[in-house]
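**Q**
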Amino acid sequence: MKKKIYYSILFLFFIFIFSVFYLGLDKPNSYTPNEYSNKNLETFTSKELFLNDEFNSNDIIENNQFTLVNIWASWCAPCRSEHSLLMGLKEKTNINIIGLNYKDKKNNAIKFLNELGNPFEKILTDPDGTISIALGAYGVPETFLVNSKSKIIRKYIGPLKTENILEITKIIK
Amino acid sequence: MISSHIGYYSLILGFILSISLLIYSIYCFRKNNTKINQNIFSILFLQFFTVIISFISLVYSFVISDFSNETVYNNSHTTKPIFYKISGTWGNHEGSLLLWLLVLTLFIFLFIIFSKKQPTKYRLLSIFFQQIIICGFFLFLLLTSNPFNFLFPVPNEGLGLNPILQDPALAIHPPILYLGYVGSSIIFSASLASLVQNNINSLWAAHIKKWIQIAWVFLTIGILLGSIWAYYELGWGGFWFWDPVENVSLMPWLCLTALLHTIIVLEKRSLLKSWTVILSIATFTLSMSGTFLVRSGILNSVHTFANDPKRGVFILLFLFGLILLSLILFFIYQDKENNSQKKFFLISKETSILVNNWFMMYFLSVVLIGTIYPIFLEVLINEKISIGPPFFNKLLIPFLAVFLIFMSIGPKLNWIKDNFEKIKYLRIILFFICIILSFYLIKKTSSEILFTSVIGGGALYLLFISIEDLFKKKYNISQVISHFGFSLFILSILFNSLFSTEFSANMKVGQELSFKKDQVKFLKIKIFEKENYKSVIANFEIIDEKENIISLYPEIRIYNQPNILTSEADIISSVFSDKFMVINLLKGEEIFNVRYQTKPFMIWIWISTFLISFGGILGLLKRN
Amino acid sequence: MIKLIKIILLILIFTLSFQKILYANNNYLLVNKISKNLRCLICQGQSVYDSQSDFALSIKILIKNKIEEGKSEKQIYDYLKNQYGEWIVYDPEFNKKNIVLWIFPLILFTFGGLLIYRKVFIK
Numbered sequence: 001m002k003k004k005i006y007y008s009i010l011f012l013f014f015i016f017i018f019s020v021f022y023l024g025l026d027k028p029n030s031y032t033p034n035e036y037s038n039k040n041l042e043t044f045t046s047k048e049l050f051l052n053d054e055f056n057s058n059d060i061i062e063n064n065q066f067t068l069v070n071i072w073a074s075w076c077a078p079c080r081s082e083h084s085l086l087m088g089l090k091e092k093t094n095i096n097i098i099g100l101n102y103k104d105k106k107n108n109a110i111k112f113l114n115e116l117g118n119p120f121e122k123i124l125t126d127p128d129g130t131i132s133i134a135l136g137a138y139g140v141p142e143t144f145l146v147n148s149k150s151k152i153i154r155k156y157i158g159p160l161k162t163e164n165i166l167e168i169t170k171i172i173k
Numbered sequence: 174m175i176s177s178h179i180g181y182y183s184l185i186l187g188f189i190l191s192i193s194l195l196i197y198s199i200y201c202f203r204k205n206n207t208k209i210n211q212n213i214f215s216i217l218f219l220q221f222f223t224v225i226i227s228f229i230s231l232v233y234s235f236v237i238s239d240f241s242n243e244t245v246y247n248n249s250h251t252t253k254p255i256f257y258k259i260s261g262t263w264g265n266h267e268g269s270l271l272l273w274l275l276v277l278t279l280f281i282f283l284f285i286i287f288s289k290k291q292p293t294k295y296r297l298l299s300i301f302f303q304q305i306i307i308c309g310f311f312l313f314l315l316l317t318s319n320p321f322n323f324l325f326p327v328p329n330e331g332l333g334l335n336p337i338l339q340d341p342a343l344a345i346h347p348p349i350l351y352l353g354y355v356g357s358s359i360i361f362s363a364s365l366a367s368l369v370q371n372n373i374n375s376l377w378a379a380h381i382k383k384w385i386q387i388a389w390v391f392l393t394i395g396i397l398l399g400s401i402w403a404y405y406e407l408g409w410g411g412f413w414f415w416d417p418v419e420n421v422s423l424m425p426w427l428c429l430t431a432l433l434h435t436i437i438v439l440e441k442r443s444l445l446k447s448w449t450v451i452l453s454i455a456t457f458t459l460s461m462s463g464t465f466l467v468r469s470g471i472l473n474s475v476h477t478f479a480n481d482p483k484r485g486v487f488i489l490l491f492l493f494g495l496i497l498l499s500l501i502l503f504f505i506y507q508d509k510e511n512n513s514q515k516k517f518f519l520i521s522k523e524t525s526i527l528v529n530n531w532f533m534m535y536f537l538s539v540v541l542i543g544t545i546y547p548i549f550l551e552v553l554i555n556e557k558i559s560i561g562p563p564f565f566n567k568l569l570i571p572f573l574a575v576f577l578i579f580m581s582i583g584p585k586l587n588w589i590k591d592n593f594e595k596i597k598y599l600r601i602i603l604f605f606i607c608i609i610l611s612f613y614l615i616k617k618t619s620s621e622i623l624f625t626s627v628i629g630g631g632a633l634y635l636l637f638i639s640i641e642d643l644f645k646k647k648y649n650i651s652q653v654i655s656h657f658g659f660s661l662f663i664l665s666i667l668f669n670s671l672f673s674t675e676f677s678a679n680m681k682v683g684q685e686l687s688f689k690k691d692q693v694k695f696l697k698i699k700i701f702e703k704e705n706y707k708s709v710i711a712n713f714e715i716i717d718e719k720e721n722i723i724s725l726y727p728e729i730r731i732y733n734q735p736n737i738l739t740s741e742a743d744i745i746s747s748v749f750s751d752k753f754m755v756i757n758l759l760k761g762e763e764i765f766n767v768r769y770q771t772k773p774f775m776i777w778i779w780i781s782t783f784l785i786s787f788g789g790i791l792g793l794l795k796r797n
Numbered sequence: 798m799i800k801l802i803k804i805i806l807l808i809l810i811f812t813l814s815f816q817k818i819l820y821a822n823n824n825y826l827l828v829n830k831i832s833k834n835l836r837c838l839i840c841q842g843q844s845v846y847d848s849q850s851d852f853a854l855s856i857k858i859l860i861k862n863k864i865e866e867g868k869s870e871k872q873i874y875d876y877l878k879n880q881y882g883e884w885i886v887y888d889p890e891f892n893k894k895n896i897v898l899w900i901f902p903l904i905l906f907t908f909g910g911l912l913i914y915r916k917v918f919i920k
């Protein structure tokens, strides 16, 4: 009798292990960051791109109902494709966008903007990438939609897509 | 084109044969013949033959770059060197499974030839259980991982093999590893058969021991090759990362090593029968679980295979079926007789082997939980955590210290019963001398002294004991060499991790920086166009205070198909130390990130691991 | 008597082995130590120390900055965990969630010890 109990427990134990593994198959094995975090975006201070003076992001964020913080770089190919969407968004909604120029050279950044247009209210620089880390970003391109209290309403990892633009447009109305 | 047809239909034929063997072996089993029907031999050989035809056709398709075959298309390219075209056959999921089948069918055939002294019914039952596994693999291949799928229209060019996989060590690493895994499948089937036939005794132990040794040697060398590849190729200077795929090969090894020791007890004293069977089942289960974890995409790792959950489900069900079968058989056939007439005395070789198993199972549990716990956490409470080297080091190293000491004592003890006098005072003094010795050696590095001294002391003690054994008359050479190798292994790793130095900086061509007592000079770059990549080779010189110059040529390779950048480290190995240098191109600049490491005793890590397996090879060659 | 010595010896070895590793007071070594314990989030199974990706390089600079600010190792880990989740640190915490992780092998070890004890000492 004792033996039967042991074996039944063992059997149930294996069923449990296998069920977990089975369910685990559906889960993605790489990190899918929480795109709807309840966090606040850290305000950051850095040298502005053109004039080189220190600028605090809060100066824009506080004064606007919504702000878009877009991390970009001239060497980043997907940034080129999303840039036109940003231009379109700026035109339609006049939303305030802060650009964070990531690990870039000033000349190249300016060339990029001359070529594709400048939707940014202000452009701050992140020469070694530490500011992006402070914002909790993974790389470039990445975009945050924040309200005047710096609360992150949406986070977009990777280049912006049309549906993201539509979502942003809806939210800020 | 034709080769794919041949390959596919050969597999179908092989599958039919495997099913018929499944039925036929049970049929013969029931007939109670004294000898095995000659037909069995023939069909087993035919089964193997069909798989080898299939395998050769796949190799052929790779060699001629037949892109009508989907597997070839996905994993090859016309510009690949011929050697890597061939090794590309098994460098992918489908091809590697075909290799599994090849070895499976070969081994069962060899098993039946080399087991003539064993009872017929046991041999037939072994075939039966092994055929279950073989049929399972045929089904898996044909249903989810067919290496002979057609593509139409036929592409002109393939998608290319990952350049990181184009390496000689990596080309032989899978086959050798599979030899180990398949060996463990034979042990599994044979143990189940032996269980059912109540054939677990010391004669059977002597017979199965050879297979355990074979599997163990291959598994050890397979893991060694994987580590060597990681060190020379991946460019990080490490050789073991506690990466899930590595852990998955380590777990069956730990189990198999425990089994290797347990089978000796079974052979000499007919004890631990149930435990032997349990270990056999566990070893194979772990090998198969490893296959699952690596191929189903459930784990995040540097070298996982295809991420196809459908395949994962198949392996999972198959695995579950095998475990269920083992549980049921164990439940029904477990020897109810108690072996307790034979007692285990505290000071005896049997007990020391029990202690070995005890520690091995602990090590196994640490690696196991460290590898699969994130999966459980994610499924149950939807949170992700990472488990890496700090966890494994914390849990394993303290126990390793004690384990080393037991390794010095255990093999010396007699069977059945021994006495405390074996543990002579001299040895205790020697032990303390070792601790003090390693203390002085380690003191220089101003890192943790006590804890590393103890490990160092334990390993040194084992080393001296082993050397002492070599001078004695009566000793078991395979055991001495393996244990000696292990002590050397621990010492090499210890000194390597303590005395390694690293230099990391961003440098331009022509720049010179100083590092400790050396000068690091970045002389120049040369660019070459190779067969399937562009090679950027940097020339560095390390000049020490005595004006000795070491030249290093780390390389960056820019591949065209697929478009990947890899860093090839330049490693100068010597008996005393490895000089390791790797460079990386920084974005958009003419600046390179340079990492230069000195790694003392690196080569001894490989030598000592080989020594460990060499002991096993010697054990195989020994005549009983 | 000798039995006692043996047992004391083993306990000593055991407890000594649990000492934490001390590092020389060198920021560079500390950066390495911390980055070896961090997962590179955009790579497949590499640590920040091993990786040369942008993310990893930025993290390494960030760690260096924080050390120079005087932050302790734990503070740096906590900061990064707050930004990116526990996933980024390779050393799992010892908390309610992970208790099975840490305890399971030790329980198994004790259980094994009991089995052997039974086998050897009980008739």
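Chains as they are written, first to last, in this note's numbering: chain A, 1 to 173; chain B, 174 to 797; chain C, 798 to 920. For glycine and all other residues, C-beta sits at the position ideal for the given N, C-alpha and C.
Output, in sequence order along the chain, the residues in the stretch 113-131 of chain A whose CB is closer than 8 Å to any CB in chain C.
**A** D128, G129 and T130
**Q** Starting from the N-terminal side, write out each stretch of the beta strand (DSSP E) that is 3 residues or longer and does not extend beyond the stretch 754-795 of chain B.
**A** 765-773
**Q** If the cut is a Cβ gap below 8 Å, which residues of chain B does Q849(C) touch?
**A** S740, N757 and N766
**Q** Tell me the DSSP secondary structure of A678(B) in three-state form.
**A** When DSSP states are grouped into helix, strand and coil, A678(B) belongs to the strand group.
**Q** By DSSP, does D59(A) sit in helix, in strand, or in coil?
**A** helix
**Q** When the Cα atoms are used, what is the spatial distance from K155(A) to L758(B)?
**A** 30 Å
**Q** Please confirm whether L541(B) has its beta-carbon closer than 7 Å to some beta-carbon of chain A.
**A** no
**Q** Using only CA atoms, which one of L794(B), V327(B) and F222(B) lies nearest to N247(B)?
**A** V327(B)
**Q** What first and last residue would you give for the alpha helix (DSSP H) that runs through N420(B)?
**A** Segment P417 to R442, the alpha helix (DSSP H) holding N420(B).
**Q** From the beta carbon of G139(A), is the nearest beta carbon of chain C less than 7 Å away?
**A** Yes - at least one Cβ of chain C is within 7 Å of the one on G139(A).
**Q** Nearest CA to the CA of V421(B): which residue from I216(B), F487(B) and R468(B)?
**A** R468(B)
**Q** V748(B) lies in the alpha helix (DSSP H); which residues open and close that run?
**A** It is not in any alpha helix (DSSP H) - V748(B) carries neither H nor E in the DSSP assignment.
**Q** On the three-state DSSP scale, how would you describe D126(A)?
**A** strand
**Q** Below 7 Å CB to CB, which residues in the same chain sit around I381(B) once its five sequence neighbours on both sides are set aside?
**A** I360, A363 and I436
**Q** For F659(B), which option in M680(B), Y634(B) and Q339(B) has the closest C-alpha, if you only look at C-alpha atoms?
**A** Y634(B)
**Q** Taking the beta carbon of E419(B) as the centre, do at least 16 other beta carbons fall within 10 Å, making it buried, or is it exposed?
**A** buried
**Q** By the 10 Å Cβ neighbour count, where 16 or more other Cβ atoms means buried, how is A77(A) classified, buried or exposed?
**A** exposed
**Q** Identify the continuous alpha helix (DSSP H) that holds E865(C) and give its terminal residues.
**A** D851 to E866
**Q** Any Cβ of chain C within less than 7 Å of the Cβ of E35(A)?
**A** Note that E35(A) scores 49 on pLDDT, short of 50, meaning its location in the model is unreliable and no value can be drawn from it.
**Q** Compare the C-beta of K871(C) with all C-beta atoms of chain B and state if any pair is closer than 7 Å.
**A** no
**Q** Enumerate in chain order the residues of its own chain whose CB-to-CB distance from G502(B) is below 7 Å, with the five nearest sequence positions on each side excluded.
**A** Note that residue 502(B) corresponds to Leu in the displayed sequence, not to Gly. Same-chain partners within the cutoff: L365, L368 and V369.
**Q** Give every residue of the same chain whose Cβ lies closer than 8 Å to the Cβ of G485(B), excluding the five residues on either side of it in the sequence, and list them in chain order.
**A** Closer than 8 Å at Cβ, skipping near neighbours: F465, R468, S469, G470 and I471.
**Q** Helix, strand or coil for Q339(B) per DSSP?
**A** coil
**Q** Alpha carbon to alpha carbon, what distance is there between E142(A) and I864(C)?
**A** 27 Å
**Q** Would you call the CB atoms of G399(B) and H346(B) closer than 7 Å?
**A** yes
**Q** If I measure Cβ to Cβ from S241(B) and keep anything under 8 Å in the same chain, skipping five residues before and after, which residues do I get?
**A** M174, S177, F323, L324, F325 and V327
**Q** Give the interface partners of Y825(C) over in chain A, defined as CB-CB distance under 7 Å, in chain order.
**A** Residues of chain A passing the Cβ test: none, with the nearest at roughly 17 Å.
**Q** According to DSSP, is L184(B) helix, strand or coil?
**A** helix
**Q** Put E82(A) into one of helix, strand or coil per three-state DSSP.
**A** E82(A) sits in a helix when the DSSP states are folded into three classes.
**Q** Report, in whole angstroms, the separation of the C-beta atoms of L194(B) and I216(B), which I expect to be a contact under 8 Å.
**A** 6 Å
**Q** From the beta carbon of F901(C), is the nearest beta carbon of chain B less than 7 Å away?
**A** yes
**Q** For E35(A), count neighbouring C-beta atoms within 10 Å of its own C-beta (all shown protein chains included) and say buried if the count is 16 or more, exposed if not.
**A** Low local confidence applies: a pLDDT of 49 at E35(A) is under 50, so the model's placement there is unreliable, with the coordinate-based value given in what follows. Burial call: exposed.
**Q** What residues from chain B crowd round F891(C), counting only those whose CB sits closer than 9 Å?
**A** Simply none; closest approach about 10 Å.
**Q** Determine the DSSP secondary structure at D691(B), reduced to helix, strand or coil.
**A** Note: D691(B) maps to strand in three-state DSSP.
**Q** Taking only runs that begin and end inside the stretch 231-262 of chain B, name each unbroken beta strand (DSSP E) of 3 or more residues, in chain order.
**A** none
**Q** Is Y820(C) helix, strand or coil by DSSP?
**A** Residue confidence is low: Y820(C) scores 36 on pLDDT, short of 50, so the model does not pin down where it sits. Its coordinate-derived value is still stated next. The answer is coil: DSSP assigns Y820(C) none of H, G, I, E or B.
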